[in-house]
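The sequence shown runs 10 to 975 under the numbering used here.
Ideal Cβ placement from N, Cα and C applies to all residues, glycine included.
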Amino acid sequence: MPASVISCHDLALNLLENPRAAGDLDELTDAVFRLKIDAPELEGLEELLRGSPLFNKLSLGDQAFNKAIRLLKSEAPEASVNKDLKKLIANEAKSYLSKENSSFKELRLVLTILPSLKLESSAYKRLLKNSNELKILGLTDDESIKGLVDLISSNNTRDEIYKRFLFSRISNMGSSADDDFYTFPVLVQNIKRVTMTAEEMDFYFKDADLGRVLGIRKSALKRVVKDFREGTDLDALIKKHVPDHSTIGIEFEGSIPDDVSYFEVAKSMRGIISELYPGKEISITGKSGSSKISFEKDGLEYIYVVKSDASLKFEAGKNGVEIVSPIIRDGKDLANHIELLSRLKKLGVDQRPDQAGIHIHYGIDTRSVTHEQLLELFQAFHKMEANLRKVFHVNEGRGYLGRQNLERAMTSLSTIALSNPNRPLSSRTGRNAFSSSRAIIRFINSYGTLESRYFNSTLEPEILELYTDFTIRFLEAWKRGDANVLGYIKNTSEDEISILKIAELLDARLAKESDKFDSLLNDNMTFDELKLALEAPRERQVLELSELDQVKNSYELSDLAYQLENISEAEFKESFKKIIDHKLSSEFSLTALGRSLSNPNLDEELVTFYSRELLKKSRGDALETLIPSLYKKLGGEKTHKLLEAEILPEATDYQIRSLLLGISKREEDIPELTEFITKHFIDKEIPDVAMEIIPNILWSQKDISSGMDLFKKIIARDFDFTLKKKKLLMNFLFERGEDELIETTLKNSAYKEVYGKFLMEKLSESTLPYDPKYFKWITISQSVVKKEEQMLAVMKAMRRFDEDLPKVEASKLLGKMLATYKSYNIANKKYVLDFATYLRDTSLSPSNIDEIFDYFIFVSRKSFEAEYIVTLIDLMGRNGGSVLDDKAFELLSSFDDVSVSILGKNENFLMLSNGLETLKSRYSDALDPSVKQKLDEVIQRVEDAAEQVRLNPERFRQSDNSGEAS
10 MPASVISCHD
20 LALNLLENPR
30 AAGDLDELTD
40 AVFRLKIDAP
50 ELEGLEELLR
60 GSPLFNKLSL
70 GDQAFNKAIR
80 LLKSEAPEAS
90 VNKDLKKLIA
100 NEAKSYLSKE
110 NSSFKELRLV
120 LTILPSLKLE
130 SSAYKRLLKN
140 SNELKILGLT
150 DDESIKGLVD
160 LISSNNTRDE
170 IYKRFLFSRI
180 SNMGSSADDD
190 FYTFPVLVQN
200 IKRVTMTAEE
210 MDFYFKDADL
220 GRVLGIRKSA
230 LKRVVKDFRE
240 GTDLDALIKK
250 HVPDHSTIGI
260 EFEGSIPDDV
270 SYFEVAKSMR
280 GIISELYPGK
290 EISITGKSGS
300 SKISFEKDGL
310 EYIYVVKSDA
320 SLKFEAGKNG
330 VEIVSPIIRD
340 GKDLANHIEL
350 LSRLKKLGVD
360 QRPDQAGIHI
370 HYGIDTRSVT
380 HEQLLELFQA
390 FHKMEANLRK
400 VFHVNEGRGY
410 LGRQNLERAM
420 TSLSTIALSN
430 PNRPLSSRTG
440 RNAFSSSRAI
450 IRFINSYGTL
460 ESRYFNSTLE
470 PEILELYTDF
480 TIRFLEAWKR
490 GDANVLGYIK
500 NTSEDEISIL
510 KIAELLDARL
520 AKESDKFDSL
530 LNDNMTFDEL
540 KLALEAPRER
550 QVLELSELDQ
560 VKNSYELSDL
570 AYQLENISEA
580 EFKESFKKII
590 DHKLSSEFSL
600 TALGRSLSNP
610 NLDEELVTFY
620 SRELLKKSRG
630 DALETLIPSL
640 YKKLGGEKTH
650 KLLEAEILPE
660 ATDYQIRSLL
670 LGISKREEDI
680 PELTEFITKH
690 FIDKEIPDVA
700 MEIIPNILWS
710 QKDISSGMDL
720 FKKIIARDFD
730 FTLKKKKLLM
740 NFLFERGEDE
750 LIETTLKNSA
760 YKEVYGKFLM
770 EKLSESTLPY
780 DPKYFKWITI
790 SQSVVKKEEQ
800 MLAVMKAMRR
810 FDEDLPKVEA
820 SKLLGKMLAT
830 YKSYNIANKK
840 YVLDFATYLR
850 DTSLSPSNID
860 EIFDYFIFVS
870 RKSFEAEYIV
880 TLIDLMGRNG
890 GSVLDDKAFE
900 LLSSFDDVSV
910 SILGKNENFL
920 MLSNGLETLK
930 SRYSDALDPS
940 VKQKLDEVIQ
950 RVEDAAEQVR
960 LNPERFRQSD
970 NSGEAS
């Protein structure tokens, strides 16, 4: 063989055998064509190619390999051979990818081939979209395919592609960064499918946010990994570690003596648990502030927690305690836990309804609950709140300060639900307004639970049973969308809603056993209700003051404290000291003592002395009853001096709130109150929850001089009141005729769009005659709207005074509203139709009507209901039919492509065609012949569609369920 041929052969061989030199088909084809120059026959090419790292990696079948050899030996140009060779190998890869019985191993093989082809990104995408294995792994979405193509195009090795994409992508299947959530079985199946090593599995469980996906805490993940490595069957793994989402958990808050440690309580509890769960090996671990009691039942771990609760501030000698149940999975577990709690009294644990509560966690599957459903739940609790407090006697001393947190949660949920109503809950959901601990209901995503927080602390088994029974039944009804329960709440006004009626609909025990609360007044009553209960006739014998040493609980002590209101001075002195120093003395009894200082037999000096004693003891609750008593006994000036000396210099937020509540309950006129309120509250920074009370003090009392001057200061401060208070404030200003303050609020407040909405609602409901200033307010309110509901409120006000508004200016304003409104409605198209329907009774210019037709064009035809068809016909008949222009027919022609699924019901088709027939006959003389012809065509098309629905309803139902047609 000539030296030149040998040299060329060696060069080609080097290219074919060196993976860096022949790393892709372009380089391989070039090497072969160099070999052809001096050795056209390409002797030994088959052997060279089979030994090449590249072709060896391709693992082509014999048929494909032989075809590749023929291509390389052919007389075709190099570029043509290269193209055909890539096509051949791509088809071979495609056959691997599309196999129904594919394996992850074959997918990994293909991924080693694809970088060698150097195809266009679009070609890679088409190949990967056909991968049955990627479909099984749930990785054929655009984002996943793009990520994989980018890695392939960068010529990464097989291991790099696997590590950097497939593994990390699978790990993110449960990540909070995504909106699509995978079930635990899919996650585990994927781990099996990609044959993860032990090291990879550790990374997978660490990175995949599985605590949220599984609904279990991080400590359980180690057990999942351990069981998986040991080959535990998938079904057994799921049963063992994935909780039933109908499970509950119960947190009890109370107090223990300060000479009893939490570990001692835990040890005593272990003895009770061993009786309730005989034969179980029960362990206990802990430290000074927290202890855990654990055991296994049916392969599941049960953990009780006993820990300190720093949020509970009790009198000397008492510490706050919180006892957390394990996951309660069935009725037996629940009965055992209630039995355990009922026995805690003998361990020195006290129920403390004056400060503490019972919190019940209800497990939900966050992958199947949407933000819209959660919004519905919060709206229900917002509406029920006042009646819940009444029925369950929620103690006002427990710090649930109004409904502001619920309203913030609803606002946040409304925003999310508006843009994506079917979006499931995600980890991010748990880090905002929905998880506020100061609301009566909250959602905690880290645990996957809803938490009811409105029950007072109790250790009475019958009351605990009523609490849990009502909670479970109500949340089960919400979860299944019970129309009877949710419909009753939605359609009943807040003032008329009845929790007992809801209990009846739920078939809850509360409906028949609410009287049980009457025998546990101290556990479940607010202070005012307690007073009423004490004055009401009842069979239970009330202790006399002479029997004070026989008191067994804080209720009986409070009962005695109320008796101090009408006794002699000498008896008062003796009894007051005994009660305030009693070991059972609490905010309950201190509040009763505050009321007792209105005793007519006490002089000012004694009232002042005992007030100081009371203020030293109380955390603040006693101020609510003490201040009315002080006003009655001392008058305004002396009361204010006492407060300025004893409370205000170092007052806590809670004390400020209680003090203001006390002022709002005054029965006497206090001329000095204006100056006092201004000096200490309006001209100073105070918490918003306390500021909520100031308007109540101002707008209902006669003793507030220059009251509107104070309101001016409040409005200038621009406090973030609750929605309810904002509405009351705007109504107050409107009814008082405070035009200047109204305009100041609309123009300058950070919440002007909210105030504007409430003002517009007030205008639309008002029976007052039109005033030109109303249009000014309408214009200002329209300029600041941010949401559909605010725009609709403006529109309702315009409709209310439609005949009185200046026509030209109103038409221009309406045009602005329509243009602005269109930009809001990509997310929620049904609002568009509501908006247009509201305008049916409004004066509209032709340009206004064209704008509305634009709305109808881009709204889903499936959203059309009978009232919207009436609106459409009404608008098309305006101005003598002159609006039947190109824009109108553009709208009508949009019904063509979706003719079978547009209107939902056959009668709606007929309504539309009949309406158009009426228009044609009504304006027959005025319409141009071409317009009549177009109308005839539209009418015929709609009638044909109606006939299709009548003859083939099944096809319509399938189309109707396939998604929105627009």
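Where the alpha helix (DSSP H) containing residue i begins and where it ends
i    : result
H370 : Unbroken run through H370 is the beta strand (DSSP E), G366 to G372; no alpha helix (DSSP H).
N100 : E87 to L106
R398 : H380 to V400
R808 : E797 to R809
S131 : S130 to K138
E583 : E578 to I589
R79  : D71 to K82
F685 : L682 to I686
L514 : I508 to L515
S153 : D151 to S162
F743 : L732 to R745
Which of helix, strand or coil DSSP assigns to residue i
i    : result
T754 : helix
L541 : In this predicted model, L541 has a pLDDT of only 48, less than 50, meaning its place in the structure is not dependable; the value taken from the coordinates is given anyway. The answer is helix: DSSP assigns L541 an H, G or I state.
P470 : helix
Y760 : coil
I656 : coil
Y271 : helix
S856 : helix
K693 : coil
Endpoints, the beta strand (DSSP E) within which residue i is located
i    : result
I337 : Here I337 belongs to no beta strand (DSSP E), and DSSP marks it neither H nor E.
N110 : First-last for N110: undefined, no H or E at that position.
G263 : I257 to P266
N465 : T458 to N465
S317 : L309 to S317
Option in the options with minimal Cα separation from residue i
i    : options                   : result
F356 : G340, L468, G372 and D339 : The sequence given here has Leu at residue 356, not Phe. The shortest C-alpha separation from L356 is found at L468.
L128 : L148, V158 and S140       : V158
I282 : H346, Q799 and S939       : H346
E694 : K722, D718 and S83        : K722
L822 : P287, S792, G645 and T683 : S792
E762 : L54, D729, G746 and F741  : D729
D267 : L321, G329, L44 and D630  : G329
D590 : M885, M807, E622 and E84  : E622
A132 : I154, F685, N610 and T754 : I154
L624 : L602, G644, L611 and G645 : L602
A897 : N857, L120 and I511       : N857
Cut-off 6 angstroms between Cβ atoms - residues of its own chain near residue i, not counting five sequence neighbours on either side
i    : result
L81  : V41
L960 : none
E115 : Y105
Beta-carbon proximity list for residue i, same chain, < 8 angstroms, skipping 5 on both sides
i    : result
L509 : V400, L519, A520 and S523
I98  : L34, L67, L69, A73, A77, I122, S125 and L126
L137 : L106, L143, T149, I154, L157 and V158
CB of residue i within 8 angstroms of CB of residue j, strictly
i    : j    : result
T600 : T648 : no
I369 : T477 : yes
P704 : K735 : no
K976 : M739 : The requested residue 976 does not occur in the structure, where the chain is confined to residues 10 to 975.
I259 : I145 : no
E331 : K341 : no
E677 : Y640 : yes
I787 : M807 : yes
I691 : L670 : no
Cβ neighbours of residue i in the same chain (closer than 7 angstroms, five flanking residues each side left out)
i    : result
L353 : L468
Y619 : F585 and L606
Q360 : G263, S466, T467, L468 and D532
heavy atom of the ligand SAM below 7 angstroms from residue i C-beta
i   : result
R79 : For the ligand SAM, the structure offers nothing, since it holds no ligand at all.
Test: residue i CB closer than 8 angstroms to a CB of chain C
i    : result
L643 : Going by chain labels, chain C is absent from the structure shown, which holds only one protein chain.
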